[in-house]
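Trainee:
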Amino acid sequence: MSGLLSLCDVTVRFGGLVAVNNVSIEVHAGMIHSLIGPNGAGKTTIINTVTGVYAPSQGAIGFDGRPLAGVTPDQICRRGLTRTFQNTELFADMTVADNIRVGMHSTAEYGLLSAILRSRCCRATEARMSERVTELLALVNLADQRGTQACALPLAKMRRLELARALAANPRMLLLDEPAAGLRASEIEEMNATLLMLRNKLGIAILLVDHVMPVVMGVSDLITVVNFGQKIAEGTPKQVRSNPAVIAAYLGH
Ligand SMILES: Nc1ncnc2c1ncn2[C@@H]1O[C@H](COP(=O)(O)OP(=O)(O)OP(=O)(O)O)[C@@H](O)[C@H]1O
Ligand SMILES: [Mg+2]
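With numbering that gives the first Met the number 0, letter number 140 in the sequence shown gets 139, and the count goes up by one each step, no holes.
1. Closer than 6 Å from C-beta to any heavy atom of ligand 1: which residues, in chain order?
2. Let me check understanding here. Comparing Cα to Cα, which of S118, E161, M103 lies closest to E177?
3. In whole angstroms, what is the alpha-carbon distance linking L141 and R159?
4. Quick check on DSSP: helix, strand or coil for K200?
5. Could you compute how far the alpha carbon of N47 sits from the alpha carbon of I60?
6. In this structure, does DSSP put M212 in helix, strand or coil?
7. What does DSSP give as the partner residue(s) for P66 in the beta ladder?
8. Using 10 angstroms around the beta-carbon of I115, count the other beta-carbons present and answer buried if the total reaches 16, otherwise exposed.
9. Grab me the residues of L154's own chain with a C-beta within less than 6 Å of its C-beta, minus the 5 sequence neighbours each way, in chain order.
10. Smallest Cα separation from T81: which of V22, R117, M172, I24?
11. Restricting to Cα atoms, I'd like to know which of I24, G58, I31 is closest to V11.
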């Protein structure tokens, strides 16, 4: 296990269905590693298993040199591994800024009593959080949307807000489940620039799941391809693009 995130011979079964079959993946620090494959290949199941939603039926997962077995999703987030969801899971009626604050819950430094009494510590933390919200909004190019209700945002901005909320937990690594789904060409370019900025400027490692090839091919250092739960290929974008097993999986023969 030499990567920041290591999956070692991971199998996930749902009753008789083998959703992930003996998959090993190493995601290295500061890299963008994509996980691609046809619908139902097991990509979201892998993200759900890494983040503690499901326990692997077999195999082991480690992050930063420590096993994740038995660690809750909340603790995994505190260790520096944060995710986004295939169908954006924002708090629709809350403002953009408040959605980001929710992402900071794992770093809040005061308790309930302190909050009720509005203590000095609580007010200082609130001021720091507000500054951090401003920073994160600038980072994902949403500075002018601070007070907008999340449900009023167009899809591309919702996706960037999800990224900002995930970043609010100060992760070392992000697991992104289809951040570019449904985006138009110009929005895809902006998503690529944002992902590259996260890697290059903040040094965040990313495990990226997406069907949008201009994103996957445009930003990935390495790509793992899965089909019917099994790993069928791994390599650079150039290697994967010309791999006959990958072409056959996508063309269905
Ligand atoms: N909670 C569950 N219970 C039973 N089966 C499940 C569960 N979650 C996923 N599956 C099944 O596991 C397989 C892999 O699903 P998964 O959602 O991981 O695919 P995916 O690669 O993310 O596909 P897509 O590209 O369509 O999002 C599918 O056959 C799916 O129906
Ligand atoms: Mg999926």
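Glycine included, C-beta positions come from ideal geometry on N, C-alpha and C. Note that the coordinates shown come from a computational prediction; the quantities given were computed from them, not determined experimentally.
Mentor: According to the structure data:
1. F13, L16, A18, G36, N38, G39, A40, G41, K42, T43, T44, Q85
2. E161
3. 8 Å
4. coil
5. 12 Å
6. helix
7. G61
8. exposed
9. G181
10. M172
11. G58
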